[in-house]
Amino acid sequence: MSTPLYHGGDYNPEQWLDRPDILKRDIELMQAAHVNMITVGVFSWSTLEPSEGDYQLDWLADIIDSLWAAGISVDLATPSGARPHWLAEQYPEVLRVTPERQRRLFGQRHNHCYTSPVYREKVRAIDQQLARRFGRHPAVKMWHISNEFGGECHCPLCQQAFRDWLKERYGTLEALNKAWCNKFWSHEYTRWEQIESPSPLGADTDNGLDLAWRRFVSHQSIDFLKWERDSIKAVVPEAQCTANLMYHFYDIDYFDLAKEIDLASWDNYPTWHKGSDEGKALDTALMHDLIYSLKGKPFWLMESSPTMTNWQDVSKLKRPGMQLFSGLQAVAHGSDSVMYFQWRQSRGSFEKFHGAVIDHSGRADTRSFAETCQVGEALETLAAVSGTGRPKQAAIVHDWPNQWALEDAAGPRNAGLGYWEELQRHYNGLRKAGLAVDFLNQDGDPAPYGLVVAPMLYLLREDFAEKLRRYVENGGTLVVTYWSGVVDENDLCYLGDAPHGLVEVLGLRRTEIDGLYDGETRRCVATREGGTATGSTLCELAALEGAEAVMVYDEDFYQGLPAVAKHGFGKGTAWYLATRFEPAFYDRFYAARRADCGLAPAWPVPLPEGVYANRRDRFVFVQNTNNKPVDLMSFVLPAYGTAVFEDGKRIY
Amino acid sequence: MSTPLYHGGDYNPEQWLDRPDILKRDIELMQAAHVNMITVGVFSWSTLEPSEGDYQLDWLADIIDSLWAAGISVDLATPSGARPHWLAEQYPEVLRVTPERQRRLFGQRHNHCYTSPVYREKVRAIDQQLARRFGRHPAVKMWHISNEFGGECHCPLCQQAFRDWLKERYGTLEALNKAWCNKFWSHEYTRWEQIESPSPLGADTDNGLDLAWRRFVSHQSIDFLKWERDSIKAVVPEAQCTANLMYHFYDIDYFDLAKEIDLASWDNYPTWHKGSDEGKALDTALMHDLIYSLKGKPFWLMESSPTMTNWQDVSKLKRPGMQLFSGLQAVAHGSDSVMYFQWRQSRGSFEKFHGAVIDHSGRADTRSFAETCQVGEALETLAAVSGTGRPKQAAIVHDWPNQWALEDAAGPRNAGLGYWEELQRHYNGLRKAGLAVDFLNQDGDPAPYGLVVAPMLYLLREDFAEKLRRYVENGGTLVVTYWSGVVDENDLCYLGDAPHGLVEVLGLRRTEIDGLYDGETRRCVATREGGTATGSTLCELAALEGAEAVMVYDEDFYQGLPAVAKHGFGKGTAWYLATRFEPAFYDRFYAARRADCGLAPAWPVPLPEGVYANRRDRFVFVQNTNNKPVDLMSFVLPAYGTAVFEDGKRIY
Amino acid sequence: MSTPLYHGGDYNPEQWLDRPDILKRDIELMQAAHVNMITVGVFSWSTLEPSEGDYQLDWLADIIDSLWAAGISVDLATPSGARPHWLAEQYPEVLRVTPERQRRLFGQRHNHCYTSPVYREKVRAIDQQLARRFGRHPAVKMWHISNEFGGECHCPLCQQAFRDWLKERYGTLEALNKAWCNKFWSHEYTRWEQIESPSPLGADTDNGLDLAWRRFVSHQSIDFLKWERDSIKAVVPEAQCTANLMYHFYDIDYFDLAKEIDLASWDNYPTWHKGSDEGKALDTALMHDLIYSLKGKPFWLMESSPTMTNWQDVSKLKRPGMQLFSGLQAVAHGSDSVMYFQWRQSRGSFEKFHGAVIDHSGRADTRSFAETCQVGEALETLAAVSGTGRPKQAAIVHDWPNQWALEDAAGPRNAGLGYWEELQRHYNGLRKAGLAVDFLNQDGDPAPYGLVVAPMLYLLREDFAEKLRRYVENGGTLVVTYWSGVVDENDLCYLGDAPHGLVEVLGLRRTEIDGLYDGETRRCVATREGGTATGSTLCELAALEGAEAVMVYDEDFYQGLPAVAKHGFGKGTAWYLATRFEPAFYDRFYAARRADCGLAPAWPVPLPEGVYANRRDRFVFVQNTNNKPVDLMSFVLPAYGTAVFEDGKRIY
């Protein structure tokens, strides 16, 4: 039997053990909604182990059996995302310490020390209890390791682990001092014990330290994930493991994390209907594509709300059709599931007003239940899509250490660099040109792509600069922006001409960079035809050394200096964008690049505004982000409508 | 001798003991200003007991004797609002602990631990010294217990008191865990000692805990008040006690507090002349009516500024006539006093620029002194008003636990629910319809009122829902808004149809609720005539089950769903408002309801814009909030002018 | 040999000791840029003393020798601005304690305890090592004591030093309690040990304590400076010492500090091209004049950026010509140097993107290097200007204790008093009238000035009031604004008529003061001609007692009360401004006062808009703040251009 597209979501039956009528009704309603995958166990620790060593797994066995009897598979979560009271009371070291060096009290979730040996031991014990009891249950198709990893701890155990990690990385204090430029402000360490994590009470502007700490936090979070994964696989070697990731996430290098899991998955909560739906859809699409790129294969949409969230500023309802649209959008971009947080609303506490398939009324005649059923039906119709891959056309470089270093630096614009905004503008231009977009980090390989974009690649590793150079030499098309090639992997500035490693490729060098206030712009003009564009945020000044200026600044003292430059290098072409342009610029720019590169759009003819196509293998999804019907000649897409084609034939 | 209307204010002669000339001049000026009530002793502890057990009360005896000799009565304060240095140095436990678990240093005021046995003992000792010395002095008509109670303490003593209070309330941890939905995020307690007050360092989103903590803080604050009251009454059983309350106050359930005092009083500091004076007058009027409602009888205006405050963003002067207007407005709404903070400005420290009757110049030829004299004269003229009550016409439900729970919840609009704004719009509509307005909490009785309004009654107790149901059945008119009947008294969501307990009464049930961003609105239209209105903030969607839609939404996907509904139930009528309308809506709506209910306005004919009438027994006050004269046919009211009628005859 | 104008800046060769090629190149480039003064040693401690007592000075000797061999003098910094790790690890008492009483961790800079005996001892040891080795080196012309003094420490050592300082100042607790009005809120101290520095956790609204703490922090910072100065002078009695000061600096009374140094210097980082360049130039000019006034003689521009900063919100490039303009502007106002932070950019850490003469490219063909050379040439041309003084014409009173007290008070406008904005408006008016402006504190002497302006002189010492009185009596022209003469030197309000000490001089007394919201204004009209003006922020109301109302308010209830008043007193004239007027008012007002007082402008005929002239002895500088040329009849100034005349003959 081939794998279906999964439909389902988070379920917390431990909250309803005194209501068997509700537990029974849940199964009936899941079946009615074409649910085939349910996540259980997230935050269930206090019910699974109500006191130390007292494991109570029978209730969960009953639930899993009931689900499986109803044809529903299980994504089984380890409960480590929230510890029980008794654990924190008995072993205070499991509680995090803040950057101000205060031990936290019990409360919230996602806030245990990732280093604590006691916490790891207790987590291994409960995880292996689960693995032994349920690891070979036919329902259990996936392990959901902890929940939404993130955050940091500054306890003494973590300080020591940080120092050990630094010793491993730098070998000697002399090397570390040099890499971090510690002569500055006499910050040289003379003993390893002097090293402390960044703190508002101490070092908070030492960029080398900051970047190392970010790398360590990412490393240690992943190390904890591996601990849990290995605990399970020690019992059930064939277990499949995932971790649910998050939007624009900062704390952890997801490319590193993805190596340690079998499947990428993420939790998607767009603020639909705030601003334009098309903009929100593109913002969401970028994230789907990033998650797909982590492992280069289909992922799961692990969480989404069928109606509204409760933690955003304003809890806005999804309009009719939007639940279906956004579920199928995930599939179009490479998801093999559409899952919700949550199946049934909690009666109390922080998330009691988070949207759910079944709300407090318990009714099935609701708008959200009806639309959930539609999603279930669609996923059944589209089952053959499961497992299919996407074409490789364009790639955008997104690298966690680059973002960490870029945003940590003081200057050239502390009022905001708009890193994600920069990525999004390139992404949107590529998508409007109909191209499939992947994301690469500096461990990645540009070779398979027809077009590679490197926006604000401030921290540029020597080896990746070399990869980019070879990529262009061999015929690739590379787009590099302002504020690239500035520092090495330790955030130490390269000396000599810049962008470091790309001066020959781009045929120019940076001379200065000018910060613009919010609202300030600089007019730019094309050097051949009559086109204009508008720069903002940062205007880099460059001296041409072989490249051709395609556009130039048309005001301020840098009038006449290149705003867009083009340079043939080897068999390929390198483009340089000296500033942040208005969004429409990128639409024109990437339409022209698609033509240059001979890349085929997902849909053969131009699509109406707000309509986007995605290819997965032989399937093409066409989606309408407009809240009104659009005519595509051969068919009409309703508001928020989706059409799916298999080898050109419409199947949905 | 009947009780007069009181005129006077706070006086701190301990600051001037080295200036007998000033103390003497004060008495002369008080007499000139028709002052007959002076509050002394607030914050005088360090002068009354300069070192532990060394009581120095003679200076206060001299002051009280001088006042009484000049015909001036005394409101004697206990000094517990600010402890002396020696007390905090000797007994650090009296200092509060912050939510972050830091013991505060000495400083400020209103920040002692309400639980500390040492503090209670020291307070009892000084209070009883005062009571024994002055409790039967003929001047002492009132006891002013401490000052502006509020705030909270997280010290170990308070933690233990909280746990004891919880044991009393819930009996078992099992019951508590269930009431707070502690399965969520594995937050179940297994030992009472695990319970800690909410903290940014620990639990800060557990709504059940949060609400219990709010109730405990209110309880413990009132318990401290009772301790002081009982200390005094143990010496002087016939002592009359008050506590000075505050605007839109959050920390303490004033309905509970009011049960423990003989007289309600409050401190009133409107930002006059910021925005419209009419709006500010209505905002002030609401508070007067709320304070009146606490005990259902006349209160005191304990503090107000004759000129400006010094702690608001901008210290704006009261325009000519405003001091008189605002003093008489308090009386019109049920106050038996007009009192100021403060009689004479301090020379130094935080409040040295707070307005006073006598400023640093020491002059009596000031604008504020002249207007103070006018107030004194007016109060003498109106002495017969003292003690008279107000008619019962309309009531608005304002319930502290409801506000605490409503504002603590995450969702449906974290950007702001505008709870007080909602109350104010209903209040203003009722006032413009000429009705007297009381406030009820859920211990209150709707029966005596012709019209009862329940805005955002999110936390609706089963017993109060039953009272409302019987109220309508028996012929009452009830207005219920969106986001009502959501949770029980523990903030646990009701299961089943909502608004819980009112579905039959309203003839409809809630299906969803949509949050609107600031500035977003939804057009609504009347189903019969051509009227329109505009919804904002939150739009509740409801399914009619017997009610009639009087207005419906006219846009978005909920076009056609009810915005205003009406339902006959028993002998009465229930109204439902699904969203927050523009202010003018409520003016029309309540004018119509007044007519439906056959309630008589305070003034028999329509009043010009900005003019309001209030009835106290046989007296009617008519006040002009406009900064220009208005013609009322039979007479002209000057800018900010007041007319008072006794049985229809003008007496002021 | 006479002293030249100095050109150069901060240099950190310790960061490049492994790059002798770069050290060599630096000397060559300095010579090319006409550099003759280099600051070394700032933050070099960890290289000078890598472990306790291990002094390594040879590298610095090499650098100083090389510089001197190239004709470059040295400004030698003590390294106390940033301690090495080993010092903080070994002696934690050197780390500051925050107002919340937390000991800081190692990190940042400028954050050592100024009281710690250990820190002082270690600083003396390294300072004297430097003095012994380099104190008589012919290159070493100046000692740069520490760096940018500021901040505060709340450790137990500082608490005790504060108490000792208070005992010295007040003698008895009784005197202190009275001076601080500690009867208020029962804040009387009964033991010295009860006194704690202000803290958000304790006393933070006791104005008397706050002001004393400010004075103590200033005193203790200066005491530390004296400790370093004396350490050096004990070895090299003839050593010349400076300290680099800062913009609008709050923490330290610079008039007090300046008494302890031989030369004033400051660090100047305007946000050029944000808003109008003319406005920025005036803002910078005010600071130059303030720094000149500290010692009444030429100062040094110690730091400035040749291109951009990296710590401001937006790192904006200086436009072509601006580096030269701003360097010469400093000289025009009394600087004998133009120096940069920094000579060469650091490779890493917080300031790596701060502008420098030599950037990471290492190139000399940059815009900033070229302009640096132009500055060097200009300074050589203008060498004769060095040491020349400025005329005494107008003085503005700026007094640190006044600012501290004024801004600490609650009321009359907590939304912002705009103290510096008030100073700037007067300054700009005086400058547009062509006058030289000095600044005075209350230790200063108004006698030599033709015109003295006292804006918002809230804290007015009795002795200074007396000086002002005598100044007017003897024929001076005095301008006093609203909110003056309110409190004594302890921030205790004066009793009786106000402005205290000036009622007779001004011929009027304050009755009230009205706060205006942002955007609110009050129209004012002239009593004789048809002129109008607009008041804002605060409107003081006054009763005339002899003065003539020149303008009156023309709206609100204070219509007709004086807005501008004039009073002849003795042989002089006193002016009173009751509110903050629009900027243009001050231009007209001071043009008229210049005429009244018979003061001569620096340039004999009216200058075009945006052009300013300054006199230093026989030299006159004329500068164009416009980004376009202006025609001055006899010559044309280019955009941002400068002309210099010696005895009327153009020399630059």
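Protein chains in written order, with our numbering: chain A, 1 to 652; chain B, 1001 to 1652; chain C, 2001 to 2652.
For each residue, glycine too, the CB sits at the ideal point set by N, CA and C.
Would you mind sorting residue i into buried or exposed? The rule is 16 or more other CB atoms within 10 Å of its CB.
i	result
N2012/C	buried
G376/A	buried
K2024/C	exposed
I2651/C	exposed
S293/A	buried
K316/A	buried
G1071/B	exposed
D1445/B	exposed
F341/A	buried
So who's on the other strand from residue i, going by DSSP bridges?
i	result
G1535/B	R1522/B, F1581/B
K1649/B	E1646/B
G1572/B	F1569/B
L657/A	For chain A, the structure presents residues 1 to 652; residue 657/A sits outside this window and is missing.
V550/A	Note: V550/A sits in no beta bridge, so no partner.
C2241/C	W2143/C
List the endpoints of the continuous beta strand (DSSP E) containing residue i.
i	result
M1302/B	1299–1303
D62/A	D62/A -> not in any beta strand (DSSP E); alpha helix (DSSP H) instead, spanning 58–69.
V2437/C	2437–2440
N147/A	Unbroken run through N147/A: none, as it is neither H nor E.
V2266/C	A small correction: the amino acid at residue 2266/C is Trp; Val does not occupy that position in the sequence shown. First-last of the beta strand (DSSP E) with W2266/C: 2263–2267.
What are the boundary residues of the alpha helix (DSSP H) that residue i is part of?
i	result
M1633/B	Careful: M1633/B lies outside any alpha helix (DSSP H) and carries neither H nor E.
A999/B	With chain B covering 1001 to 1652 only, the question about residue 999/B has no answer from this structure.
T1284/B	1277–1295
Y11/A	Looking at the DSSP string, Y11/A is not in any alpha helix (DSSP H), and its letter there is neither H nor E.
Q159/A	156–170
Which whole-angstrom value describes the C-beta separation of residue i and residue j, a residue pair presumed to lie in contact below a C-beta threshold of 8 Å?
i	j	result
W300/A	Y55/A	The pair is not a contact, with the Cβ atoms about 28 Å apart (cut-off 8 Å).
A1285/B	R1390/B	12 Å between Cβ atoms; not a contact.
H137/A	D75/A	At roughly 12 Å, the Cβ-Cβ gap does not stay under 8 Å, so H137/A and D75/A are not in contact.
Is the segment 1104–1113 of chain B touching the segment 1128–1137 of chain B, taking contact as three or more C-beta pairs under 8 Å? Not touching, per the Cβ criterion.
For the 8 Å Cβ check, are there 3 or more pairs between the segment 556–563 of chain A and the segment 459–466 of chain A? The segment 556–563 of chain A and the segment 459–466 of chain A do not touch, with fewer than 3 CB-CB distances between them shorter than 8 Å.
Do three or more CB pairs link the segment 307–322 of chain A to the segment 606–617 of chain A at distances below 8 Å? Per the Cβ contact rule, the segment 307–322 of chain A is not in contact with the segment 606–617 of chain A (fewer than 3 Cβ pairs under 8 Å).
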